[in-house]
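If you use the working numbering, the sequence shown corresponds to residues 2 to 181, in order.
Here a beta-carbon is modelled for each residue, glycine too, at the ideal position from N, C-alpha and C.
Quick caveat, the model's predicted, so the values are computed rather than measured.
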Amino acid sequence: VAMDSKIHEKVKQCEEFVDRRLKPDLVKAIAERLPPNVLCARIVIFTLGLLTVFCSSDLRDKVFEEQKIFSDLKKNIENLEKHSVTSLTTLVNLGSEVYMQAEVPDTRTIFVDVGLGFHVEFTWSEAINYIKLREEKLARQIEEYTHLIASIKAHIKLVCEGIRELLQLQADPSYQIGFA
2 VAMDSKIHEK VKQCEEFVDR RLKPDLVKAI AERLPPNVLC ARIVIFTLGL LTVFCSSDLR
62 DKVFEEQKIF SDLKKNIENL EKHSVTSLTT LVNLGSEVYM QAEVPDTRTI FVDVGLGFHV
122 EFTWSEAINY IKLREEKLAR QIEEYTHLIA SIKAHIKLVC EGIRELLQLQ ADPSYQIGFA
């Protein structure tokens, strides 16, 4: 009976460590990396016996989406350069899928959204250079985010395995941690 109470005390300590330290660290890591307009990102909750594990793939998706936007802009600029397009007629989405025809008399300079509602006028070559820098930064963000989240998830899994060992449970495939 004394041994059982020691085991239950250890299990309780492990659970508290996960609940008070690792889960908040994971939620904080996810929230810190979210752009301001995505602060209400979906956090998927998985229940694992005694523990609840938080994880999210929304942030990484948002960074990948931003990376794709810059990649598409770069391709469009390269196409403009390749075909020597100096003016064009296009459709502009005004919102709610309402479009209007627009004339661009000079495409040699473009305005690029640099964040916080600011747009900077760039020549094609300046825009390409800026996009390369942003793509490098986004790649670093993705790498940092992935590493941080994987590290915290690994700690949570390690504690889960420790609890399982303390309780002398067999590794049950239905108790696997499902991370997105």
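I'd like to check one pair, residue j with residue i: are the Cβ atoms closer than 7 Å?
{"i": "lysine 11", "j": "leucine 167", "result": "yes"}
{"i": "glutamate 136", "j": "phenylalanine 71", "result": "yes"}
{"i": "threonine 110", "j": "leucine 89", "result": "no"}
{"i": "valine 113", "j": "cysteine 15", "result": "no"}
{"i": "leucine 95", "j": "glutamine 102", "result": "no"}
Return the bridge partner residues of residue i from the DSSP annotation.
{"i": "glutamate 104", "result": "Thr90"}
Going straight from the alpha carbon of residue i to that of residue j, what length do you get?
{"i": "lysine 24", "j": "histidine 84", "result": "53 Å"}
{"i": "arginine 105", "j": "threonine 87", "result": "Residue identity check: residue 105 is valine in the sequence provided, not arginine. Approximately 9 Å, taken between the alpha carbons."}
{"i": "serine 126", "j": "alanine 140", "result": "21 Å"}
{"i": "isoleucine 178", "j": "lysine 154", "result": "Bear in mind that a pLDDT of 44 at isoleucine 178, under 50, signals an unreliable position, so the number given afterwards is only what the model happens to contain. Approximately 9 Å between the Cα atoms of the pair."}
{"i": "lysine 7", "j": "glycine 116", "result": "55 Å"}
{"i": "lysine 75", "j": "lysine 13", "result": "54 Å"}
{"i": "arginine 165", "j": "isoleucine 143", "result": "32 Å"}
{"i": "aspartate 5", "j": "glutamine 169", "result": "11 Å"}
Can you tell me whether residue i is buried or exposed, with buried defined as 16 or more other CB within 10 angstroms of its CB?
{"i": "valine 121", "result": "exposed"}
{"i": "alanine 128", "result": "buried"}
{"i": "valine 64", "result": "buried"}
{"i": "valine 19", "result": "buried"}
{"i": "leucine 27", "result": "buried"}
Practice item. Jot down the residue ranges of each uninterrupted beta strand (DSSP E) in the stretch 94 to 166, minimum 3 residues, whole runs only, in chain order. Key: The stretch 94 to 166 contains, as complete beta strand (DSSP E) runs of 3+ residues, the segments 99 to 105, 110 to 116, 119 to 124 (chain order).
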